[in-house]
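According to UniProt numbering, the residues represented by the sequence shown are 1 to 130, in order.
Beta carbons: idealized from backbone N, C-alpha and C, even for Gly.
Written below as structure tokens is the structure these notes are about.
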Amino acid sequence: MKYLGVDYGKRKIGLAISEGQIASPLKVIETSGLLDSINKLTKIIEQEKIIRVIVGIPEGETGKMVKKFCRQLEKGLVEQQVEVIETDETLSSKDARKVMIELNLSKKERKNEDAYSAMLILQRFLNTLS
1 MKYLGVDYGK RKIGLAISEG QIASPLKVIE TSGLLDSINK LTKIIEQEKI IRVIVGIPEG
61 ETGKMVKKFC RQLEKGLVEQ QVEVIETDET LSSKDARKVM IELNLSKKER KNEDAYSAML
121 ILQRFLNTLS
């Protein structure tokens with residue numbers, strides 16, 4: 001089973017991947033809006049043969065925007081039978097910064113913060129499965 005973790009933002013989307021119990025940062029993609037985001041993610045999901053997409057949902061108004069994104073993504077993935085799961089992303093960005101500092105990543109490498117946030121979102125979900 002392959003999972004994709006998603007830290008959704010209007011301009012950047014952090015992605016992480018897992019084939020089992022351990023999540024790894026994949027990459028950060030830049031987007032120009034909702035439709036562009038859906039198209040780029042659908043392509044990655046097909047290439048990587050993902051079966052579940054785990055999307056971190058923040059609190060408040062931003063959470064409403066991310067839920068709208070999830071609904072659109074689900075519509076785009078109906079034929080592939082990919083499940084989109086929403087999960088809490090509280091503190092994922094803050095925790096991602098801590099992880100990157102603990103790993104002694106350079107400031108340049110820390111530009112992938114969104115991918116590390118996605119990794120934490122996905123890892124927390126995977127931890128609930130065991």
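Cα-Cα separation between residue i and residue j, rounded to whole angstroms
{"i": "GLU74", "j": "ILE50", "result": "13 Å"}
{"i": "THR128", "j": "LEU26", "result": "21 Å"}
Beta-carbon spacing of residue i, residue j below 8 Å
{"i": "GLY5", "j": "LEU122", "result": "yes"}
{"i": "VAL55", "j": "VAL84", "result": "yes"}
{"i": "GLU46", "j": "ILE17", "result": "no"}
{"i": "GLY14", "j": "ASP114", "result": "yes"}
{"i": "ARG52", "j": "TYR3", "result": "yes"}
Nearest-angstrom Cβ-Cβ length linking residue i and residue j, presumed shorter than 8 Å
{"i": "LYS12", "j": "GLU30", "result": "6 Å"}
Cβ neighbour criterion (16 or more within 10 Å) applied to residue i
{"i": "GLY60", "result": "exposed"}
{"i": "ILE22", "result": "exposed"}
{"i": "SER32", "result": "exposed"}
*In the stretch 46 to 91, which residue ranges form an unbroken alpha helix (DSSP H) of at least 4 residues, counting only runs that do not cross its ends?*
60 to 76
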